[in-house]
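Notes for the one structure printed next.
Protein chains: 4
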Amino acid sequence: MKEVSKRETILDAALSVVAAKGYISTKVEDIARKAGVAKGTVYLYFKDKSDIYIGLVDSILSKGLELVREIDSRPLSQREKLSEVFAAWVRGMHEQPGMVPLVSMESINLAAREVDRFKQSIKPRIRELIEAIAAIVRPGIEAGEFRRVDPYMAALMFVHSFPMNIMVVRHKLPVQDPVGTTLDMFFHGILPGTEPKPNHNGNHRKPL
Amino acid sequence: MKEVSKRETILDAALSVVAAKGYISTKVEDIARKAGVAKGTVYLYFKDKSDIYIGLVDSILSKGLELVREIDSRPLSQREKLSEVFAAWVRGMHEQPGMVPLVSMESINLAAREVDRFKQSIKPRIRELIEAIAAIVRPGIEAGEFRRVDPYMAALMFVHSFPMNIMVVRHKLPVQDPVGTTLDMFFHGILPGTEPKPNHNGNHRKPL
Amino acid sequence: MKEVSKRETILDAALSVVAAKGYISTKVEDIARKAGVAKGTVYLYFKDKSDIYIGLVDSILSKGLELVREIDSRPLSQREKLSEVFAAWVRGMHEQPGMVPLVSMESINLAAREVDRFKQSIKPRIRELIEAIAAIVRPGIEAGEFRRVDPYMAALMFVHSFPMNIMVVRHKLPVQDPVGTTLDMFFHGILPGTEPKPNHNGNHRKPL
Amino acid sequence: MKEVSKRETILDAALSVVAAKGYISTKVEDIARKAGVAKGTVYLYFKDKSDIYIGLVDSILSKGLELVREIDSRPLSQREKLSEVFAAWVRGMHEQPGMVPLVSMESINLAAREVDRFKQSIKPRIRELIEAIAAIVRPGIEAGEFRRVDPYMAALMFVHSFPMNIMVVRHKLPVQDPVGTTLDMFFHGILPGTEPKPNHNGNHRKPL
DNA sequence: GATGAATGAGCATTCATTCAT
DNA sequence: TATGAATGAATGCTCATTCAT
Chain A
1 MKEVSKRETI LDAALSVVAA KGYISTKVED IARKAGVAKG TVYLYFKDKS DIYIGLVDSI
61 LSKGLELVRE IDSRPLSQRE KLSEVFAAWV RGMHEQPGMV PLVSMESINL AAREVDRFKQ
121 SIKPRIRELI EAIAAIVRPG IEAGEFRRVD PYMAALMFVH SFPMNIMVVR HKLPVQDPVG
181 TTLDMFFHGI LPGTEPKPNH NGNHRKPL
Chain B
1 MKEVSKRETI LDAALSVVAA KGYISTKVED IARKAGVAKG TVYLYFKDKS DIYIGLVDSI
61 LSKGLELVRE IDSRPLSQRE KLSEVFAAWV RGMHEQPGMV PLVSMESINL AAREVDRFKQ
121 SIKPRIRELI EAIAAIVRPG IEAGEFRRVD PYMAALMFVH SFPMNIMVVR HKLPVQDPVG
181 TTLDMFFHGI LPGTEPKPNH NGNHRKPL
Chain C
1 MKEVSKRETI LDAALSVVAA KGYISTKVED IARKAGVAKG TVYLYFKDKS DIYIGLVDSI
61 LSKGLELVRE IDSRPLSQRE KLSEVFAAWV RGMHEQPGMV PLVSMESINL AAREVDRFKQ
121 SIKPRIRELI EAIAAIVRPG IEAGEFRRVD PYMAALMFVH SFPMNIMVVR HKLPVQDPVG
181 TTLDMFFHGI LPGTEPKPNH NGNHRKPL
Chain D
1 MKEVSKRETI LDAALSVVAA KGYISTKVED IARKAGVAKG TVYLYFKDKS DIYIGLVDSI
61 LSKGLELVRE IDSRPLSQRE KLSEVFAAWV RGMHEQPGMV PLVSMESINL AAREVDRFKQ
121 SIKPRIRELI EAIAAIVRPG IEAGEFRRVD PYMAALMFVH SFPMNIMVVR HKLPVQDPVG
181 TTLDMFFHGI LPGTEPKPNH NGNHRKPL
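Quick look at the structure:
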């Protein structure tokens, strides 16, 4: 229905291939084949291989950011917004498991000459994403919904909780409701003294 | 005291080179040169290039684990132990900045055939490390020092807070006392209701 | 006429280089240079170095086999056919001296893991060639033209006489008409009792 | 019982290893290990790797030559001597299968710089061996026991019949009494007209 | 725009040889 | 004599990138 540009077709192919084999093991030809185009065609839309990778991460981050902004505009409490963002990300991860290894900014092992360009391109997008989370936290603090933590740090912690959550799912660790558990710890910490609302998992308890 | 095995010499060299250039960009010859040995010598101690990488991560994790166990044996509260582990890791990171990109389990971009071997070797070590943290959390819960969270998840969150903290330092984000802030959020979450002890940063507030 | 496939071009280059330097000493780059292509191009047509070698031997054996079959179809006595095959092989050897070291099945010194592949590919071709010779011997026996020897053994002896003949030429041994001499011994043996027809070389004599 | 020199110990080890894996695949360390000495020790007795190979072939050829001379001194007909030499070689081959790939002078695929030295050393030994065979043929011709063939060519054919015979055994070709058959063809050729003595195989027939 | 055959720089790995002990 | 840890030259192979069609 939607006219998908060839660039996007290639990017989609790249996502699935890179997800399956990792960036290093992925050959440009693999991506081309998966996208149903010739190798040369890829170079009509991307400067070089790392440009594909940058495009890939950029695309994922853009979608993540879009999601955050959409949810931020809903009439929810800030806490509910964060919960919803997290849940949406996890859902997205299940639909596109390929994005998992891509979300960590440190996860790159590019050739030396590519690293700088990558950082130039991606760092601002990550910061943008974190800012968008911080923009949810900040009014929450103002409204007394959250403690007076550093919003940027809170956003960082939130973002970093995501790959952790993935790890649980990936390695099939025996944790019930990992999303709920992660958010629970994110919101209440591990010290007693907050009063998490009871939930069906029951893996919480009244503080002393 | 100075009696260092050649294997360790090579591993040290590998750490500094890989830290500086990334695994992919690091040539075995770079490592050899840095270690002051010939290329062939490296292959007397390591099967192949990825074996060096495995050795590297393994060594770092071992040191981290050792540290955890040592601190766990001190006469401290469980919370103090966690704080101390975190601070020690951060100190270590400043001494060995190379370890930073290596601590994330997802940070690998090895060639396809190497991935399995890597996971075989490293996964158990990571799990061991997380278990050691969980072994601090668990008695804390029993003693009522912590909420009744899933100890394994708490350990995961703790471990994942580390790279986040690194990011702050790395990118020189304007956060005062990132270690304290990170631990604060880890312990108290971002919701009001716990009563963190006032500190000079003032980033705490009365719960509602 | 001149339309030669690139694969054949490479094979021709490989023949002359391998003939001159031996398989081991031949670098893939040598072959590429000789063929007027880049190193990578060679790998578009051959899986690896030993695949070139297999292709080489296969090609030579195919040509030898083709020759045998063509001659077998001519209206000659079986003995004349064998003589003609031998002479044609020797002529071919003078045009393509490179094939010499390749005709012996034992002449291989490949790396261990390559040996199996080589044998898989080449053994059947050699057997085919020997069978084609045996197919000339067999009707000769039926017709009483040859003694009732084992056709397969006779074919083997015939084939093995070829490298012997080459050796004579190669090392410039002082033998007149080595081809005639070789065939003479192949047909009559060294015992007296057969009556070889006098020929212009005169290097034969009446048996007692 | 017999005081075996270390040089011979190494040579024996080399034979079995080279026989099993081929010259190229054989590492000096393999030979050393098999001989029960350290790698460096090998270099006390051999200049380099190809020197071992030369020593190996030289040793085999020497034994073969010794055998020929011993048999030549026995009170037998020249024909019986040749038969006996052939049979003895085949017996030796069964005891030391490793020698098989080594007997053909063309079977070498040494590195370029080694080829010349090899030929310098080995060619004279091969020629010596062939001369020793020719020295059996020559008086046979004088005595009318053999046709007036070129003795050197006959010797060559004789020597080249050996690897052929090996091939039959190696590849388990369905030939009864390969030694007898080979000698039969060597002595009588394949044409009718000689009168081989009837034997139990019955693979003889009346000449026309 | 699209193709895919051709390119060649780049690198891990091997192993014969040396030499300090 | 004997050792075996250390060396480093040598080379097969990959794959991102180009460009003639």
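Protein chains in written order, with my numbering: chain A, 1 to 208; chain B, 1 to 208; chain C, 1 to 208; chain D, 1 to 208. Even for Gly, the Cβ is constructed at its ideal location relative to N, Cα and C.
Look up residue i in the DSSP assignment and say whether it is helix, strand or coil.
i, result
"P151/D", "helix"
"S16/A", "helix"
"F158/B", "helix"
"D48/C", "coil"
"Q78/A", "helix"
"P139/D", "helix"
"T26/C", "coil"
"N201/A", "Residue placement at N201/A is flagged as unreliable, the pLDDT there being 45, under the threshold of 50; a coordinate-derived value is accordingly withheld."
"I168/C", "According to the sequence provided, residue 168/C is Val. The question's Ile does not apply to it. Reduced to three states, the DSSP call for V168/C is helix."
"L173/D", "coil"
"E95/B", "helix"
"G180/B", "helix"
"G210/B", "Because residue 210/B is not part of the residues shown, which for chain B are 1 to 208, the question remains open."
"S59/C", "helix"
"A38/B", "coil"
"S73/C", "coil"
"S83/D", "helix"
"V68/A", "helix"
"V4/A", "coil"
Taking the alpha-carbon positions, what's the residue i to residue j distance?
i, j, result
"D72/B", "A14/D", "58 Å"
"A155/D", "I133/D", "5 Å"
"W89/B", "S25/D", "49 Å"
"R205/C", "F146/C", "Low local confidence applies: a pLDDT of 40 at R205/C is under 50, so the model's placement there is unreliable, with the coordinate-based value given in what follows. Rounded to the nearest angstrom, the two C-alpha atoms are 21 Å apart."
"V17/A", "D30/A", "7 Å"
"P124/C", "S62/C", "11 Å"
"V91/A", "L76/B", "Strictly speaking, residue 91/A in this sequence is Arg, with Val absent from that position. Distance between the alpha carbons of R91/A and L76/B: 41 Å."
"V212/D", "I122/D", "No answer is possible for residue 212/D: it lies beyond the span of chain D, which begins at 1 and ends at 208."
"L191/D", "Y23/C", "39 Å"
"A143/B", "M93/B", "31 Å"
"D51/D", "K21/C", "19 Å"
"M153/B", "V68/A", "25 Å"
"G64/D", "V4/C", "48 Å"
"V159/C", "V28/A", "50 Å"
"A135/C", "R170/C", "30 Å"
"R33/A", "T41/A", "11 Å"
"L129/A", "S161/B", "18 Å"
"F131/B", "V137/B", "Residue 131/B is actually Glu in this sequence, not Phe. The alpha-carbon atoms of E131/B and V137/B are separated by roughly 10 Å."
"K49/B", "D12/B", "15 Å"
"P163/D", "F86/D", "11 Å"
"V175/D", "R127/C", "15 Å"
"E95/D", "S59/D", "15 Å"
"E70/C", "D116/B", "55 Å"
If you measure between the beta carbons of residue i and residue j, is that distance less than 9 Å?
i, j, result
"L82/D", "L183/D", "yes"
"I10/C", "A35/C", "yes"
"P151/B", "N165/B", "no"
"R167/C", "M185/D", "Residue identity check: residue 167/C is Met in the sequence provided, not Arg. Not closer than 9 Å, so no."
"F118/A", "Y53/A", "yes"
"G140/A", "F187/B", "no"
"E66/C", "R74/C", "no"
"R79/A", "F46/A", "no"
"G193/A", "G193/B", "yes"
In this structure, what does DSSP give as the bridge partners for residue i?
i, result
"P124/C", "None, per the DSSP bridge assignment."
Check whether the Cβ of residue i lies closer than 8 Å to any heavy atom of the ligand ZN, and answer yes or no.
i, result
"K123/D", "As presented, the structure is devoid of all ligands, the ligand ZN included, so that no description of it is given."
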